[in-house]
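Per the working numbering, the sequence shown starts with residue 38, numbered consecutively.
Don't be surprised by glycine CBs; every beta carbon is placed ideally from N, CA and C.
Fair warning: this is a prediction, and the values are worked out from it, not measured in the lab.
Below is one structure, written out as structure tokens; the observations come after it.
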Amino acid sequence: MLACCEPAGLGLHMTHWSTRSLAKVAAERGLVPKIAHSTVSLILRTADLQPHRSRYWKTPTIDADFERRVTRILWCYERASDLAARGELVLCFDEKPNIQVLERRRPTRPVRPGQAEHQEFEYIRHGTVNFAAVLDVHTGKMRGWCPNRNDSEHLRAILPELLHECCDARRVHLIWDGAPSHVAQETTTLLRTLYPHVRVLVTPAHASWLNQAELLLRAFSERYLKRGSWNSRQQLVEHLDASWREYDQLYAHPFRWSWTRQKMHRWVERHAA
């Protein structure tokens with residue numbers, strides 16, 4: 038079917054099809070004498086084809102290292118209650134770097150009956166702010182920081198405060214992605230020297246969605262960053278510092294994690310096949 042071919046394969050420079058371009062090319066190529074784009078739309082709908090749509094797709098490298106890393110992380114999620122009962126904690130850490138500090142040029146008009154909120158289109162930039170957060174998998178509670186830079190030096194300044202509340206734990210399972218600041222030699226040395234009870238679990242490349250802190254930051258951003266307006270970096274920093282505390286009071290709960298080791302192994306088998 039023409040819709041399943043790339044336009045470039047036919048010598049065209051279009052990057053994708055529309056119903057009108059499909060109708061035009063089909064007629065020019067002699068596939069049909071004449072056809073309306075509405076008829077093309079009906080044919081595509083019947084065939085369950087949507088050439089006008091596209092989704093990003095990024096698959097991690099499925100190998101023994103991938104399975105080993107994922108298995109360890111999923112084991113922590115599945116056994117979180119048992120680990121807590123024997124004095125072990127599971128923590129997830131992630132960053133949201135370079136949050137733009139935007140101030141609307143005019144005040145936002147609040148919602149009214151029959152009228153949605155109106156927000157000024159133009160804005161003033163006041164730089165960016167980094168936000169780092171740790172999630173307690175057992176309770177769903179978070180803690181946040183606003184480091185000046187997203188590098189190993191500033192991460193190492195956060196770690197003592199992050200791990201201080203876990204000093205009585207028999208073991209801490211710390212899950213994060215493979216960001217340069219996380220896997221830097223200085224960070225690794227600090228953890229190994231001062232915090233030998235911390236077991237670091239790094240998510241595989243292109244599989245940071247295994248980190249529950251990503252879900253946390255997504256939910257947090259939706260409630261506390263979307264549609265915001267700040268007149269300075271300091272105002273946003275103060276807002277973030279107050280917001281993660283409010284999040285813990287109002288919304289904190291353990292995530293319902295349904296992707297198990299068994300499901301992962303079945304997914305790997307299907308991918309290999």
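Check	Outcome
Supposed contact pair Val174 and Ala117 - C-beta distance, whole angstroms, cut 8 angstroms	5 angstroms
Through-space distance from Asp102 to Asp205, alpha-carbon basis	32 angstroms
Beta-carbon contacts of Val69 that lie in its chain and below 6 angstroms, excluding the five residues immediately before and after	Ala63
Spatial distance of Glu190 from Ser258 (CA atoms)	25 angstroms
With 16 other Cβ atoms within 10 Å as the buried cut-off, status of Ala169	buried
Helix, strand or coil at Tyr284 [DSSP, three-state]	helix
Through-space distance from Glu43 to His50, alpha-carbon basis	10 angstroms
Beta-carbon gap between Arg162 and Val171 smaller than 8 angstroms	no
Reduced DSSP secondary structure (H/G/I, E/B, other) of Glu132	strand
Arg255 to Asp119 span [Cα, whole Å]	27 angstroms
For His234 and Arg207, believed in contact at Cβ under 8 angstroms, the rounded distance	7 angstroms
Whether Leu273 touches Val138 by CB criterion (8 angstroms)	yes
Residues that Gly181 bridges to, as DSSP identifies them	Ala170
Tyr160, DSSP secondary structure in three states	strand
Straight-line gap, Arg34 to Tyr284 (C-alpha atoms, nearest Å)	Nothing in the structure corresponds to residue 34, since the chain is present only between 38 and 310.
Alpha-carbon to alpha-carbon, Arg146 and Tyr160	15 angstroms
Of the residues Ala250, Arg229, Ser55, the one placed nearest Ala289, counting alpha carbons only	Ala250
Rounded straight-line distance, which links the Cα of Arg105 to that of Arg298	10 angstroms
Alpha-carbon spacing of Lys16 relative to Gly48, whole angstroms	Examination of residue 16 is not possible in this model, given that the chain is present from 38 through 310 alone.
Cβ neighbours of Val305 in the same chain (closer than 7 angstroms, five flanking residues each side left out)	Ile99, Glu104
Neighbour flag for Asp214 against chain B, beta carbons, 8 angstroms	The structure shown contains no chain B; it holds only a single protein chain.
Cβ neighbour criterion (16 or more within 10 Å) applied to Val107	buried
Beta-carbon separation (whole angstroms), Leu111 vs Trp296, contact threshold 8 angstroms	7 angstroms
Unbroken beta strand (DSSP E) run spanning Val77, endpoints	Element bounds for Val77: not the beta strand (DSSP E) but the alpha helix (DSSP H), 74 to 83.
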